[in-house]
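Heads up: the structure comes next, in structure tokens.
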Amino acid sequence: MNLKFVYALYLSLLFISNAMANEALAPPQKGLILELDASNDQSIEFDDDGKVKVWRDVSGSGNDAIVTSPERPEWIADGFNDEPTIRFSGKEWLELSPLNNDNSRGYSIFVVFQRNEDQVSDVGWQRLISSVDQNNPKDTKAPAFHIGTGKNSNAAEPRIEYDILSNTIQAPITIAANQSNNNERLHGDISEVLIYDHSFLVYEQIDAVLTYLQEKWDIEPIPSGDWTFKGPLPKPLPERINNDYPLSDQDNEGDWERFDPLWDEFNEGKLDTKKWWDHNPYWYGRAPARFLARNVRVHDGMLQLAMSKDPSLPEEDFYNSGTIYKDWVSASVVGKTPVNYGYFEIRAKPMASAGSSAWWFTGSSYDREKNIDQRLEIDVFEIGGKAVDKEYSYNMNLHNFKTRDNPKHFSLGGTWKTPERLIDRFWVFGLEWTPEVINYYVDGVLVRKVDNSVWHGPQRMIFDSETMFDWLGIPEDSHLPSIFEVDYVRSWKNTETEGDWEFRYEIKESSSPTAITRYVRSIDPLKDTD
Numbered sequence: 001m002n003l004k005f006v007y008a009l010y011l012s013l014l015f016i017s018n019a020m021a022n023e024a025l026a027p028p029q030k031g032l033i034l035e036l037d038a039s040n041d042q043s044i045e046f047d048d049d050g051k052v053k054v055w056r057d058v059s060g061s062g063n064d065a066i067v068t069s070p071e072r073p074e075w076i077a078d079g080f081n082d083e084p085t086i087r088f089s090g091k092e093w094l095e096l097s098p099l100n101n102d103n104s105r106g107y108s109i110f111v112v113f114q115r116n117e118d119q120v121s122d123v124g125w126q127r128l129i130s131s132v133d134q135n136n137p138k139d140t141k142a143p144a145f146h147i148g149t150g151k152n153s154n155a156a157e158p159r160i161e162y163d164i165l166s167n168t169i170q171a172p173i174t175i176a177a178n179q180s181n182n183n184e185r186l187h188g189d190i191s192e193v194l195i196y197d198h199s200f201l202v203y204e205q206i207d208a209v210l211t212y213l214q215e216k217w218d219i220e221p222i223p224s225g226d227w228t229f230k231g232p233l234p235k236p237l238p239e240r241i242n243n244d245y246p247l248s249d250q251d252n253e254g255d256w257e258r259f260d261p262l263w264d265e266f267n268e269g270k271l272d273t274k275k276w277w278d279h280n281p282y283w284y285g286r287a288p289a290r291f292l293a294r295n296v297r298v299h300d301g302m303l304q305l306a307m308s309k310d311p312s313l314p315e316e317d318f319y320n321s322g323t324i325y326k327d328w329v330s331a332s333v334v335g336k337t338p339v340n341y342g343y344f345e346i347r348a349k350p351m352a353s354a355g356s357s358a359w360w361f362t363g364s365s366y367d368r369e370k371n372i373d374q375r376l377e378i379d380v381f382e383i384g385g386k387a388v389d390k391e392y393s394y395n396m397n398l399h400n401f402k403t404r405d406n407p408k409h410f411s412l413g414g415t416w417k418t419p420e421r422l423i424d425r426f427w428v429f430g431l432e433w434t435p436e437v438i439n440y441y442v443d444g445v446l447v448r449k450v451d452n453s454v455w456h457g458p459q460r461m462i463f464d465s466e467t468m469f470d471w472l473g474i475p476e477d478s479h480l481p482s483i484f485e486v487d488y489v490r491s492w493k494n495t496e497t498e499g500d501w502e503f504r505y506e507i508k509e510s511s512s513p514t515a516i517t518r519y520v521r522s523i524d525p526l527k528d529t530d
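Counted from 1, the sequence shown has number 503 at position 503 by this note's numbering; the numbering is strictly sequential.
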């Protein structure tokens, strides 16, 4: 019998078996422009020696990966947790043509990878994905990009490597080698590659992809020191006895003391400009909506942030990136006093539209002790009050963004599902941020607990609303204007969270008026002194 025929028949039967096993599993589809799947019966084209010649994209976008190296990788039927994989031995790589994508929206890239003991080599900084162009010849410097396996080439258990890229180049992509020189070649296995045509905004999107890949490839989640509550809040809820202390600690066992720079009851009828900016001096907003002061007001004892439409505003490309700001107007209020650690609490009601309601902290600083630059973010919540299928989602997140000292954007998110729509009432939201832990509270109940291994350094408190079309959808005109209301913000410090952070950290953001402030003032002049 012809051996090639027998081998081809074996592969066909195996592909059918794998396809049936994974039939019910599919990655999130929105924005998916590349899906390379070693277990898919349509995805592999072999040469006469049974080596991989083409790895076909099954997303429907036609972005096939072509082997361009002198040697070709192997397809191993049961090499990855008894599932198929593509095996690279440091001699093979594949090429993708530039993806049809608006590079200003970035990419979200996921790679299923492992390295067995017999694949360990002395080659460091091996590449899973790499992309450069003539103007950006190093894949370690944005907007060129790469995903690698790290400095060492040690054995690696089955895992998912991913990165969320905010701005990228439109250039060919290499799999399993550095595109600029075809060095840093991979010794290891790749079973699946997913690329989305935009930068994921929240961890909920990332988690959906990770959950799919973990289930499909039998990958154990990496322990993260992260716990999120499930189910309705236990009754009875903590009762407010004293406004001087956090709702979750009415007996003040934490020895909390009021922190005035970030304490405001919003009862004065106007924004306290000694404490707050009525816009974000460091960001124009998330396009297409721009932050303008007109959408911020203090009324009836509430801080109110609005999402609205105004087609009369000029179209703007503030960052010269092709990202256009038009039609929508949103709001941001930013604390003028940076803070490192503390307990923070608000009483608030999210807006009833697909515009986001968000409370978060962020800051860029230089850590003198570690000699590193860092850009960090703590999202207490990002809520899409009337976003389809998001009405009951209390979304929390933590970010460690790319800097010259941090090559990869890392995020750690969690979502608590509420039993009632978040827009239907006021809630008390809290954040306890210490050197050891970050705790999230809703109505005085702990709903998330994260070990604090990263989030150290000064950040500014922010309230805002954004247009997040890729995640929350487009706000309906009939829902606008919509209002995010904050009844109060209260902040505390204790001996654990008191810190002379100025000695260790240097803030990167300027406290002087910025070009963004000047733009906002040209549209909405300030009535009182800034």
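Virtual Cβ for every residue (Gly too), placed ideally from N, Cα, C.
Where does the unbroken beta strand (DSSP E) through residue i begin, and where does it stop?
i	result
Arg-490	482-493
Phe-361	356-367
Val-123	Neither: Val-123 is in no beta strand (DSSP E) and is coded neither H nor E.
Arg-240	Neither: Arg-240 is in no beta strand (DSSP E) and is coded neither H nor E.
Arg-294	Neither: Arg-294 is in no beta strand (DSSP E) and is coded neither H nor E.
Ala-156	156-165
Ala-170	According to the sequence as given, residue 170 is Gln; it is not Ala. Where Gln-170 is concerned, there is no enclosing beta strand (DSSP E), given that its DSSP letter is neither H nor E.
Val-193	187-196
Gly-413	410-417
Ser-531	Because the chain here runs from 1 to 530, residue 531 falls outside it and cannot be looked at.
Tyr-392	Per DSSP, Tyr-392 belongs to no beta strand (DSSP E) and is neither H nor E.
Phe-503	Careful: Phe-503 lies outside any beta strand (DSSP E) and carries neither H nor E.
Can you find a heavy atom of the ligand COA that lies under 8 Å from the Cβ of residue i?
i	result
Met-468	You won't find the ligand COA in this model; it holds no ligand whatsoever.
So if DSSP puts residue i in a beta bridge, which residue, or which two residues, is it bridged to?
i	result
Trp-433	Gly-342 and Ile-438
Trp-227	Lys-449
Gly-335	Trp-276
Val-329	Arg-290 and Ser-308
Asp-379	Trp-360 and Asn-397
Gly-544	The question about residue 544 has no answer, for the chain in this structure spans 1 to 530.
Gln-459	Val-339
Met-302	His-299
Trp-283	BP columns for Trp-283 are empty, so no partner.
Gly-384	Ser-356
Ile-129	Ile-147 and Ile-175
Thr-403	Asn-406
Trp-427	Ala-348
Arg-258	Trp-492
Asn-100	Asn-100 is not bridged to any residue.
Gln-374	Ser-365
Ile-222	Paired residue(s): none; Ile-222 is not in a bridge.
Glu-265	DSSP output for Glu-265 lists no bridge partner at all.
Asn-181	Asn-181 pairs with nothing; no bridge assigned.
Asn-136	Asp-133
Ile-507	Ser-365
Glu-316	Tyr-325
Asp-548	No information on residue 548 is available, as it lies outside the stretch 1 to 530 that the chain covers here.
Tyr-443	According to the sequence as given, residue 443 is Asp; it is not Tyr. Partner(s): none; Asp-443 has no beta bridge.
What distance in whole Å lies between the Cβ atoms of residue j and residue i, which are believed to be in contact at a cut-off of 8 Å?
i	j	result
Gly-363	Gln-205	About 24 Å; that fails the 8 Å criterion.
Ala-348	Phe-229	Actually they do not touch by this definition, with Cβ atoms about 19 Å apart.
Leu-422	Tyr-441	Not confirmed; about 15 Å, so no contact.
Leu-262	Thr-149	Rounded, the Cβ-Cβ distance is 42 Å, inconsistent with contact.
Tyr-541	Glu-432	In the structure as shown, the chain begins at 1 and stops at 530. Residue 541 is therefore absent and cannot be evaluated.
Asn-494	Asp-255	5 Å
Val-123	Glu-184	7 Å
Asp-64	Ile-109	17 Å between Cβ atoms; not a contact.
Hey, could you find the ends of the alpha helix (DSSP H) residue i is sitting in?
i	result
Phe-200	Looking at the DSSP string, Phe-200 is not in any alpha helix (DSSP H), and its letter there is neither H nor E.
Phe-469	469-472
Val-520	515-523
In chain order, each beta strand (DSSP E) run of at least 3 residues that lies wholly inside the stretch 23-86: 32-37, 44-46, 52-55, 65-67 and 74-80
Touch test, the stretch 210-218 against the stretch 293-311, Cβ-Cβ under 8 Å, three pairs minimum: no
Cβ pair count under 8 Å reaching 3, the stretch 290-297 against the stretch 227-244: no
The stretch 57-73 in contact with the stretch 142-160 per 3-pair CB rule at 8 Å: no
Cβ contact check for the stretch 26-46 and the stretch 191-198: 3 or more pairs under 8 Å: Contact holds: three or more Cβ-Cβ distances are below 8 Å.
Inter-stretch contact (C-beta, 8 Å, three-pair minimum) for the stretch 379-396 and the stretch 352-366: Here the stretch 379-396 makes contact with the stretch 352-366; the two share three or more CB pairs at distances below 8 Å.
The stretch 91-98 in contact with the stretch 113-126 per 3-pair CB rule at 8 Å: no
The stretch 120-138 contacting the stretch 70-84, beta-carbon criterion three pairs below 8 Å: Short answer: they don't touch.
Inter-stretch contact at 8 Å, needing at least 3 Cβ pairs: the stretch 360-375 / the stretch 160-174: Of all C-beta pairs linking the stretch 360-375 to the stretch 160-174, fewer than three are shorter than 8 Å, placing the two stretches out of contact.
Given 8 Å, three or more beta-carbon pairs between the stretch 326-336 and the stretch 451-458: no
Stretch-stretch touch, CB-based, cutoff 8 Å, three pairs: the stretch 511-521 with the stretch 265-285: yes
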